[in-house]
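Visitor:
There are 2 protein chains.
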Amino acid sequence: MIRRLTTSRVETLEDELERQVLDGRFTPGEHLGEIALAEEFDVGRNTLRAAFDGLVRRGLLVKSRNRGVFVRALTAHDLAEIYELRTALEVQASRILAGRRSVPDAARSAYAHHHRLGPRSSQRVVVEADLAFHRALVVGTGNARLTRAHKTLEIEILLCLAQLVQGYASVGQLAGEHDALLEAIERGDQTEAEAVIRRHLENATLWLIEHATAPDEPLYTLGRAAPIESRDLG
Amino acid sequence: MIRRLTTSRVETLEDELERQVLDGRFTPGEHLGEIALAEEFDVGRNTLRAAFDGLVRRGLLVKSRNRGVFVRALTAHDLAEIYELRTALEVQASRILAGRRSVPDAARSAYAHHHRLGPRSSQRVVVEADLAFHRALVVGTGNARLTRAHKTLEIEILLCLAQLVQGYASVGQLAGEHDALLEAIERGDQTEAEAVIRRHLENATLWLIEHATAPDEPLYTLGRAAPIESRDLG
DNA sequence: GACCTAGGATTGTGCTACAATCTGCTTCAG
DNA sequence: CTGAAGCAGATTGTAGCACAATCCTAGGTC
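Note that the protein sequences, when read in sequence, are chains A and B. First residue of the first sequence? That's 385 in the working numbering, and the numbers climb one at a time after it. First residue of the second sequence? That's 385 in the working numbering, and the numbers climb one at a time after it.
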């Protein structure tokens, strides 16, 4: 794989903004002004706008013509949508892997790492370990498009966790289900693998929605209201 | 649903470029120069670049730093990837619909429209009718993210058809399988619905790959070679 | 209280300038 | 003749300005 030696200003900015949004620097629905931010990051307005575009397409921001971009405010409904799509992707990945009877090495080590975590680990670490396991399954298929779609979802999941859910399922519960999945894949049992991952994600959905703090409607901030519709998710 | 009254220049340009690429104005791998195209469409370089960005993220173009954008050259491998992802999405959609025992009205009328086509219909019409049926299923779930992902794939499928497959499966074959799917959804039989759509798409994949003209490697045009890697699909 | 209007603020778009980088050609050593 | 090094031209990357288009708010009128 060929890698570029330099990264463009836009990409750097995009990553930095993503980090700040996921870290909760901005409140959900907050308006991001071009001029102030371009000045803060010391980039041109063009560059900032390009970075905005990227984050809009990744679902972290929403854009409203002539009003600017806003931090996406997610709802329990979004959570449900995200997990439906996630289920679609991971079911397919599990079936593909089971069809080959091959558990990716990365998935095995991600499983071990996750399983090793104790109850004292921070939520951040647990979440990342859990996601890493699931990611490894998808990446293991070798399908770049499947992987890209999953990556987009991961980011949205992190945004959900930042905005409307605190806490996370216990390591023990998750690891048990992960184990069952790996076992089914190893046996080449596609039907069972699908059933296991489906149940696993359904459990996760129920848990998350139950622990979601926000109602079904987004929380608007004072001042400018977040837009109703964005072009790419409408 | 709220719609904007005006469309931005970037969006217009993006749609126009998409149309031209799918219509085969450019050859796969062809380099698109900023200055010439900005002049042709009578827009600023900024605007054109924004449109490029959109098409890159939609997978129609690939971008290479300091070299510009190129028309994406698809291969049989891409075709396989696309259909794996498509299967993931449509399986999930079928299951959701079967879980509700509800066939969307749009799917029913799309089915009727497609079924009504004769052997004299142009390929373009048949393809669009077939896609419309599948699209209706996904849209019918009401999941905007599922829908968005599917829409992206539709565009890539059209690009595949333009670049490396001629012809299309017969209406009779497809309609029969569509009918079986609707029937399973109506009965609320999730397992059967999944099995039917899986088989249907697998058949389609095999047919397409068999009829693909290009080998597994992309065809490069003379002059500037298309880039190896793009950021979003790497 | 509902509606209309003016003003201020922000984004949308085009243009120019210059830096960064890639590509291809020329040159030169072996 | 082959291949590496370096130079020159062309294209993209980024910043900054100017002005048009649009939106939001506030204030006034009925």
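For each residue, glycine too, the CB sits at the ideal point set by N, CA and C.
With three or more beta-carbon pairs closer than 8 Å as the criterion, would you say the segment 528 to 545 of chain B touches the segment 461 to 477 of chain A?
Guide: With a cut-off of 8 Å, the segment 461 to 477 of chain A and the segment 528 to 545 of chain B count as touching, because enough Cβ pairs lie within range.
Visitor: Per DSSP, which residues does residue 516(A) bridge with? Please list them.
Guide: Answer is none; residue 516(A) lacks a bridge partner.
Visitor: Roughly how many angstroms lie between the CA atoms of residue 616(A) and residue 453(A), to the nearest whole one?
Guide: The predicted position of residue 616(A) is uncertain, since its pLDDT is 42 and thus under 50; no value can be drawn from it.
Visitor: For residue 444(A), count neighbouring Cβ atoms within 10 angstroms of its own Cβ and tell me buried if that reaches 16, exposed if not.
Guide: With 16 or more other Cβ atoms within 10 Å, it is buried.
Visitor: Per the contact definition of three or more C-beta pairs closer than 8 Å, is the segment 501 to 521 of chain B in contact with the segment 591 to 598 of chain B?
Guide: No: fewer than three Cβ pairs fall under 8 Å.
Visitor: Can you name the start and end residues of the beta strand (DSSP E) that residue 445(B) belongs to?
Guide: 445 to 448 is the span of the beta strand (DSSP E), which, as asked, contains residue 445(B).
Visitor: Measure the C-alpha to C-alpha separation of residue 605(A) and residue 547(A) and round it to an integer number of angstroms.
Guide: Confidence at residue 605(A) is low in this model, with a pLDDT of 41, below 50, so the placement of that residue is unreliable and no value is reported for it.
Visitor: Under 7 Å between the Cβ atoms of residue 394(B) and residue 435(B)?
Guide: Yes; because the gap between Cβ atoms is below 7 Å, this pair is in contact.
Visitor: Measuring CB atoms only, is the segment 549 to 556 of chain B touching the segment 411 to 427 of chain B, in the sense that at least three cross pairs come out at less than 8 Å?
Guide: No, they do not touch.
Visitor: With 7 Å set as the bound, which would you pick, yes or no: does the beta-carbon of residue 573(B) sit closer than that to a beta-carbon of chain A?
Guide: Residue 573(B) does not count as touching chain A.
Visitor: Return the chain-ordered list of same chain residues with a C-beta closer than 7 Å to the C-beta of residue 510(B), the five sequence neighbours on each side being excluded.
Guide: Around residue 510(B): 501, 552 and 555.
Visitor: Would you mind sorting residue 524(B) into buried or exposed? The rule is 16 or more other CB atoms within 10 Å of its CB.
Guide: Residue 524(B) is buried by the Cβ-count criterion.
Visitor: Between which residues of its own chain and residue 442(B) is the CB-CB distance below 7 Å, once the five residues before and five after are set aside?
Guide: Hits under 7 Å: 536 and 539.
Visitor: Please determine, among 517(A), 478(A), 403(A) and 490(A), the residue with the shortest C-alpha to C-alpha distance to residue 581(A).
Guide: Here the closest residue by C-alpha is 478(A).
Visitor: Going along chain B, which residues have a C-beta under 8 Å from residue 392(A)?
Guide: Near residue 392(A) (Cβ distances below 8 Å), the residues of chain B are 449.
Visitor: Go ahead and pull the three-state DSSP assignment for residue 393(B).
Guide: Helix at residue 393(B).
Visitor: Let me know if residue 569(A) comes out buried or exposed under the rule of 16 or more other beta-carbons within 10 Å of its beta-carbon.
Guide: Label assigned to residue 569(A): buried.
Visitor: Count the other CB atoms, across all protein chains shown, that sit within 10 Å of the CB of residue 496(A); report buried if there are 16 or more and exposed otherwise.
Guide: Under this definition residue 496(A) is an exposed residue.
Visitor: What first and last residue would you give for the beta strand (DSSP E) that runs through residue 452(B)?
Guide: Looking at the DSSP string, the run of the beta strand (DSSP E) that includes residue 452(B) is 452 to 455.
Visitor: Which residues in the same chain have their Cβ closer than 6 Å to the Cβ of residue 440(B), if we skip the five residues on either side of it in sequence?
Guide: For residue 440(B), where only same-chain residues beyond five positions count, the Cβ hits under 6 Å are 447.
Visitor: Does the distance from the C-beta atom of residue 584(B) to that of residue 517(B) stay below 7 Å?
Guide: The answer is no: Cβ separation not under 7 Å.
Visitor: Please look up how many angstroms separate the CB atoms of residue 475(B) and residue 475(A), rounded, as I've assumed it's under 8 Å.
Guide: About 7 Å; that satisfies the 8 Å criterion.
Visitor: Go through its chain and collect everything with a Cβ distance to residue 597(A)'s Cβ below 8 Å, but skip five positions before and after it.
Guide: 548, 549 and 550, listed in sequence order.
Visitor: Taking just the CA atoms, how far does residue 577(B) sit from residue 573(A)?
Guide: C-alpha separation (whole angstroms): 19 Å.
Visitor: Closer than 7 Å, CB to CB, is residue 437(A) near chain B or not?
Guide: For residue 437(A), the answer is yes, since a Cβ of chain B falls inside 7 Å of its Cβ.
Visitor: Can you pull the chain A residues whose beta carbon is under 8 Å from the beta carbon of residue 475(B), in chain order?
Guide: The answer, in chain order, is 472, 475 and 476.
Visitor: For residue 587(B), report the span of its alpha helix (DSSP H) as first-last.
Guide: Start and end: 574 to 595.
Visitor: Rounded to whole angstroms, what is the Cα-Cα separation between residue 451(B) and residue 396(B)?
Guide: Answer to the nearest angstrom: the Cα atoms are 25 Å apart.
Visitor: Closer than 7 Å, Cβ to any Cβ of chain B: which residues of the segment 526 to 539 of chain A, in chain order?
Guide: Cβ contacts with chain B: 527, 528, 529, 530, 532 and 533.
Visitor: Taking Cβ positions only, does residue 402(A) come closer than 7 Å to chain B?
Guide: False, the Cβ-Cβ gap to chain B never drops below 7 Å.
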